[in-house]
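A.B. asks:
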Amino acid sequence: QGYDMARQGMNEAMETFRTHVQEGPAGISILCFVGGIATTLVGAIGLVSVLASVTSPFTYVLNVYLTGFGIITILLEADVE
16 QGYDMARQGM NEAMETFRTH VQEGPAGISI LCFVGGIATT LVGAIGLVSV
66 LASVTSPFTY VLNVYLTGFG IITILLEADV E
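Under the numbering used here, think of the first position of the sequence shown as 16, with each following residue one higher.
Below, the structure is given as structure tokens:
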């Protein structure tokens, strides 16, 4: 009986630990979400300047990637609930 209770307690502790590692603390998730918004805004501002695409195509492509990765970060860190 004691062994079963210890095993059940260990399973619950492992499940709680696994959930905590997958989701992470709420504060970190909020910071990552805000970082995704900032990355998207910086990339989008760079995309607005069409003249920059002619003078510096590398910077324009970099802004495309920044915008895309910022949007992906926002989607991954958005709270589903």
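C-beta: ideal position from N, C-alpha, C; glycine also.
1. How would you write the range of the alpha helix (DSSP H) that P72 sits in, first residue to last?
2. Out of V49, P72, N26, N78, which has the shortest C-alpha to C-alpha gap to A93?
3. What are the boundary residues of the alpha helix (DSSP H) that includes S64?
4. Just to confirm before moving on: does the CB-CB distance between L77 and T54 stay below 8 Å?
C.D. replies: According to the structure shown:
1. For the purposes of this step, residue 72 is taken as the residue at position 57 of the sequence shown. Element bounds for P72: 72–92.
2. Counting from 1 along the sequence shown, the entry for residue 93 is found at position 78. Closest option to A93, Cα to Cα, is V49.
3. On the sequence shown, position 49 is the one that residue 64 refers to. Premise fails: S64 is in no alpha helix (DSSP H) and is neither H nor E.
4. By one-based count along the sequence shown, residue 77 stands at place 62. By one-based count along the sequence shown, residue 54 stands at place 39. Contact flag unset, no.
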